[in-house]
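Residue numbers (my numbering), protein chains in the order written: chain A, 2 to 297; chain B, -15 to 338; chain C, 38 to 312. Using N, Cα and C, we set each Cβ at its ideal position, and we do this for glycine too.
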Amino acid sequence: MSVLRRETRHMLFTVAPGALFILVFLVLPSVYLVGMAFLSSGPYGLPTLPLSLQSFRELAGFGFLGWSPGNLYTLIRSVWQTLLATALVILLAYPAAYYISTRPARWRPLMLLAIVVPSWTNQVIRSVGWMNIFAPGTPVSDLAALLGLTAPQMGLFPSQFAVIVGLVYNFLPFMVLPLYAAFERLDTEQVEAARDLFASPVAVFRHAVFPQTLPGLMAGIVLVAIPAFGMYVVTELLGGGKATMIGNLVARQFAQASNWPLGAAGAMIMIAVTLIGLKVLRDLGRRLSGDREVVL
Amino acid sequence: MSGHALARTASSIRVEAVTKSFERGVPALDAVTLDVEAGEFFTLLGPSGCGKTTLLRVLAGLEEPDTGRVEIGGRSMAGVPPHRRSVNTVFQSYALFPHRNVRQNIGFGLEMQGVPGAEIAERSQAIAGLTGIGTLLERDVAQLSGGQRQRVALARALVNEPDVLLLDEPLSALDAGLRAHLQLELKRLQRRLGMTFVFVTHDQEEAMVMSDRIAVLNAGRIAQVDTPQGVYEAPADLFVARFMGHENFVPIRQRDATGVDTAIGRLDGDFAAGSHLLLRPEAIRLDSDARQVPNRFMARVSERLYRGGTTEYRLDCGDIQLMASCANRGQPGHEVGETVEVGVSDRGTATLSD
Amino acid sequence: MSAGRLENGLRAFWIVLLVFLYAPLAVVVFFSFNSINSSARFAGFSLQWYEQLFRNEAIVAALTNTVVLAMVSTIIAVIIGGLLGYGFYRYRLGRLSWLVWLIYLPVIMPDIVFGIAEMTFFVAINERLGILSPGLGTMVIAHVTFQVPFVALLVNARLLSLDPQLFEACHDLYAGPWQRARFFLLPVLRPAILSSFLLALTLSIDDFVISFFTAGPQSTTLPIYIWSAIKKGVTPEVNAIATLMIGSVFLVAFFSLLVQHGPSGGRPSKGGRRA
């Protein structure tokens, strides 16, 4: 009996502070935000009774002037830019992770650190770096103009191109790390067996390497795509109006435009799309790996 | 210098009607009663899931029994946590502390008991010498081989001079040669220290080589407690017989004062009551040897396995298959397909029930 | 033959990748020493922007806020998160086992949603109770909230990677509860605690969005200062502040190298008493 009570006391001592913190400062605010989405917008855009679905209707594009597709475009663009950036990140991360895993063991921590360190600087600073590079008159911008990709005297930002570069730059490490972990555990005998059985390099990758690195790839996609979809800073600094994502739309409701319930509804859509994305990824992972769980 | 510090009154163990269940489901231990004498090498033998490890953990104090009592050295262990019991364990995984080197691993228990540093060093050195790792003291545990880890785990437990040492399949992770070597060494060490060892294994040969007595467990119950010879030659039931590696079981149809009627024919002799006759392979005689015993019949050789010192023959006797093991003493062997004369007597046999 | 070509190709790719990763940072550092206000042409070396920076009280205050926010939130998060990671490993939570899933909430929640949820919640509480007015306090709370899960996951993962019999071996070898914590748990978890400290610190340094939404007028941090400055166009002064932050990140990176290669694994400590 006293043993049990002591157990409970120890459990409370260890679990309670963290659990309370998360409950009070994360779960409660989330619940409040969800509630807010179903309120009406009052003076100064603050939430007020009565309950209504007005915010969701507005989000879908129904305003005073009839239906406009602006918000819908923003949502589609968010998904599209997320997918594009994630695909590019995968293309860069695969060879990088493989290369690191083939170096002598003493070099690997340093190489991984080299990949990770830029992501430790602040998001804003990373974007400032690209603003410097893409500004009008810089060598990179001049080169782009010379090739006829941009108008002369125009910088490369703000643009959708700059946003994609920024997204790839921000999230590359989150793909390299899990892929590297997968490559490090790679069973090379499977690769040799494939070679022994007359597999071409492409077939070796397809049948011996890819299935083994799939869990790392899936983890990487989760780590890259979720924050990319919710991106605010990069789109705000490097993108113009044509590259805005749903995160910017939501943020605007709490800053300039001031319509809190609308913003809360937008946030709910973001969470919903994120969860749907996870579900799709999970099914895809299961299909690719022959019914094994590889995501979450 | 070394040994004398370890000589110590070994302690007896008494386990009385101990029952233990996990979650819902069958009990892991079902009213187990057991006596281990002081200074004995006692083995708990059984297949995985039979409760042998649970019983060991109850002795260590890592599990509390649901009912029943445990006494060590005449003292009840009810409510005594592991760190207050003079019992130490050599774990199956060895459980060496990764953040400490060999010396620090060995000294851990003494350090926790507040033994002065100089004495820890001295006793660690002595026990390391005794277990053959005297030169490895400053090594990292990650650098050790399987056999060395096993020795460190043993030294780490022994250095505390416990009343009882518990060993949970400590040799199962090692390869065959090293394993045979360590079995002998462990046995010698136990005799030298006069300490009570309770040893858990699923390997019946290992149990027979090492133990003074063996308890065979089946589904949470004790099936038999006896000396290795007793368990092997007179198994209490079919389960124990099968587990000890026997395969020659002949159903008994009828028994009378002069013998038994069986599936392989009438056998004369003094047989106890039971449903099956157990014929030990080395007690089945062939050819000229067979003529020295009263019960003889013909059988066909269906398989022959040459094992160096012995040759094993698989024999078809009607519906029954028997395994015979013959010492190779230069006599001509038998080919597959040959018919041979087989003899059995009431010695080298036992009768069993389910 | 083709293996050698693949090797060369990969090496070239690696170098290009490093250029891609470090060019934006290098450009920021480079132009922070520019004598003119341009990020297209370097006119000469000058420290004038740094002088301006340290004369600007707002920037010095922002620097202080940044350091205080990062350190305080990280220390709190490591303690709370470490205990949580251990508690989840060690105890049966029974009917509370759903709590474990809460840990993943900040991982799947976009920053921006997290930020506005915190902000609207603090505003609501502040209106009714008068506490939690926006400032360093609310920022620390918000940072700790997103740091705690990562710390808990790291510590928990380390515990899960340990042989469970180690805990029993400790118990078996006469260690009482406090001795188990002091002589086993803390030393064994040391690498995980250190790396979770570094992770929490970098999460805090990297964050802009959550700070931006939970900050008050007096609690501007460097990233927030930079943000409002860029809205007026990138100036060399912004580059100078960014350079300072990049420098400090490289310092953290250097320390993390020391942690990885320095005395971590099975070094002999003072426990190794010799007669």
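When 7 Å is used as the limit between beta carbons, S32/B is near no residue of chain C, the shortest such separation being about 16 Å.
Judged by pairs of C-beta atoms under 8 Å, the region 271 to 284 of chain C touches the region 120 to 132 of chain A, as three or more such pairs exist. Look at W261/A: its C-beta is under 8 Å from a C-beta on chain C. About 5 Å separates the beta carbons of G35/B and L13/B, which is inside the 8 Å limit, making them a contact pair. Proximity of chain C to F230/A at the Cβ level (cut-off 7 Å) is accounted for by P147, in chain order. The beta carbon of F82/C lies closer than 6 Å to those of F70 in the same chain, with the five residues before and after it left out. In this structure T3/B does not touch P65/B by the C-beta definition: roughly 20 Å separates them, more than the 8 Å allowed. Nearest neighbour of T333/B by Cα position, chosen from R288/B, V285/B, G258/B and R275/B, turns out to be G258/B. In this structure, T182/C is the residue among L90/C, T182/C and V66/C with its C-alpha nearest to the C-alpha of L139/C. Contact with chain C is absent for A98/A, since none of that chain's Cβ atoms lies less than 8 Å from the residue's Cβ.
Along the region 189 to 209 of chain C, going in chain order, the ones with a CB nearer than 9 Å to a CB of chain B are L199, D200, P201, Q202, L203, F204, E205, A206, C207, H208 and D209. Residues of the region 119 to 137 of chain A with a Cβ closer than 9 Å to any Cβ of chain C, in chain order: P119, S120, W121, T122, N123, Q124, V125, I126, R127, S128, V129, G130, W131, M132, N133, I134, A136 and P137. DSSP links R275/B through a beta bridge to no other residue.
Contiguous alpha helix (DSSP H) elements confined to the region 161 to 203 of chain C occur at 173 to 198, taking only those with 4 or more residues. Taking 3 residues as the minimum length, the beta strand (DSSP E) runs contained wholly in the region 246 to 271 of chain B are 249 to 252 and 260 to 263, in order along the chain. Between the region 244 to 256 of chain C and the region 168 to 182 of chain C, the count of C-beta pairs closer than 8 Å reaches three or more; the two stretches touch. Judged by beta-carbon spacing, V20/B lies within the 8 Å limit of T180/B, meaning their Cβ atoms are closer than that value.
Contact annotation: L106/C and S265/C have beta-carbon atoms that are not nearer than 8 Å.
Under the three-state reduction of DSSP, R53/B is assigned to strand. Within chain C, the C-beta atoms nearer than 9 Å to that of G264/A come from I153 and T157, in chain order. Between the alpha carbons of L138/B and Q132/B lies a gap of roughly 10 Å.
Close partners of L100/C in chain A (Cβ separation under 8 Å) are lacking, with about 13 Å as the shortest Cβ gap. Annotation for Y87/C: the continuous alpha helix (DSSP H) segment containing it runs Q85 to R92.
If only complete runs of 4 or more residues are kept, the region 68 to 111 of chain A shows the alpha helix (DSSP H) at 71 to 102, in order along the chain. At a cut-off of 8 Å between beta carbons, P228/C makes no contact with chain A.
Look at Q255/C: its C-beta is not under 8 Å from any C-beta on chain B. Distance from the CA of S142/A to the CA of G156/A, rounded to the nearest whole angstrom, comes to 6 Å. Where T257/C is concerned, there is no enclosing beta strand (DSSP E), because DSSP gives it neither an H nor an E. Put simply, of D210/B, R205/B, Q167/B and R176/B the residue whose alpha carbon is nearest the alpha carbon of E189/B is Q167/B. Residue contact check for L166/C against chain A: no CB pair falls below 8 Å. Contact of P260/C with chain B by beta-carbon distance below 9 Å is absent, the smallest such distance being about 38 Å. Legend: CB atoms of the region 281 to 296 of chain C lying less than 8 Å from CB atoms of chain A belong to residues M282, I283, V286, F287, V289, A290, S293 and L294. In the DSSP assignment, L66/A falls outside any beta strand (DSSP E), carrying neither H nor E. Counting only Cβ-Cβ distances below 7 Å, T73/B has contacts in chain C at D209, in chain order.
Of all C-beta pairs linking the region 177 to 194 of chain A to the region 97 to 108 of chain A, three or more are shorter than 8 Å, placing the two stretches in contact.
At a C-beta separation below 9 Å, W215/C has no neighbours in chain A, since its nearest C-beta there lies roughly 12 Å away.
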